[in-house]
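Here the sequence shown stands for residues 0 to 124, numbered as in numbering that gives the first Met the number 0.
Ideal Cβ placement from N, Cα and C applies to all residues, glycine included.
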Amino acid sequence: MIQITLLTLLFSIATVISITIIGSRELISGEIGLTRIIKIIFDWRFLLGAFFAFLSRIIFLLINNALYKIPNLAIASTTLTVFITSVATIFVILSNWYFLGEKLNAYQIIGGIIIMVGIFLTTIK
């Protein structure tokens with residue numbers, strides 16, 4: 000389980016970096032037409048964010064594989080991986096609040112609590 004915890008932490012970090020970079024106000028502001036999309040695709044921030052998004056997908060596979068190797072979890076390893084990696088949503092919300100200046104609201108806080116309870120309930124033996 001330590002391996003799964005560490006991989007989940009790495010998944011969360013990669014996801015946060017990807018979304019924070021791609022969510023940059025400077026990158027997404029203004030009208031977005033075909034020309035702008037092409038410019039965004041070749042912007043270093045988008046490329047770096049895309050790299051971290053790809054990295055998070057690789058880590059997702061590693062978590063899924065680790066869960067698959069646990070006999071009593073193997074039958075639902077992909078579903079459990081989705082539940083476990085949903086913790087990244089909490090880190091993304093906090094990162095967007097801290098780095099991008101987005102406001103936290105009660106729904107996000109309640110949602111974060113629900114995610115944590117869900118992860119706990121799906122991973123207890």
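Item checked: Given 8 Å, three or more beta-carbon pairs between the segment 113 to 121 and the segment 73 to 87 -> Flag = yes, the segment 113 to 121 and the segment 73 to 87 touch.
Notebook entry, point to check: Tell me which same chain residues have a C-beta within less than 8 Å of the C-beta of residue 99, skipping the five on either side of it?
Noted result: For the purposes of this step, residue 99 is taken as residue 100 along the sequence shown, with counting starting at 1. Excluding sequence neighbours, residue 99 sits near 19, 22, 23, 24.
Notebook entry, point to check: Between which two residues does the alpha helix (DSSP H) carrying residue 112 extend?
Noted result: Walking along the sequence shown from the start, residue 112 turns up at place 113. Start and end: 105 to 122.
Notebook entry, point to check: Where are the alpha helix (DSSP H) runs, 4 residues long or more, that stay fully inside the segment 50 to 107, in chain order?
Noted result: Runs of the alpha helix (DSSP H) spanning 4 or more residues and lying entirely within the segment 50 to 107 occur at 76 to 84, 86 to 99, in chain order.
Margin query: Quick check on the burial criterion: 16 or more other C-beta atoms within 10 angstroms. Buried or exposed for residue 63?
Written below: The residue labelled residue 63 in the question sits at position 64 within the sequence shown. By the C-beta density criterion, residue 63 is buried, having at least 16 other C-beta atoms within 10 angstroms.
Check: Given that a residue counts as buried once 16 or more other Cβ atoms are within 10 Å of its Cβ, and exposed if not, what is residue 28?
Finding: Residue numbering aside, residue 28 sits at position 29 when the sequence shown is read from its first letter. Classification of residue 28: exposed, given that the 10 Å Cβ count is below 16.
Notebook entry, point to check: Among residues of its own chain, excluding the 5 on either side of residue 111, which ones have a beta-carbon nearer than 6 Å to its beta-carbon?
Noted result: Against the sequence shown, residue 111 aligns to sequence position 112. Cβ within range, chain order: 89.
Check: Are residue 55 and residue 13 close, meaning C-beta to C-beta below 7 Å?
Finding: Locating residue 55 in the sequence shown gives position 56, where the first residue counts as 1. Locating residue 13 in the sequence shown gives position 14, where the first residue counts as 1. Against a cut-off of 7 Å, the Cβ pair of residue 13 and residue 55 comes out as a contact.
Next item on the list: Report the three-state DSSP secondary structure of residue 11 (helix, strand or coil).
Entry: Counted from its first residue, the sequence shown places residue 11 at position 12. If DSSP states are grouped into helix, strand and coil, residue 11 belongs with the helices.
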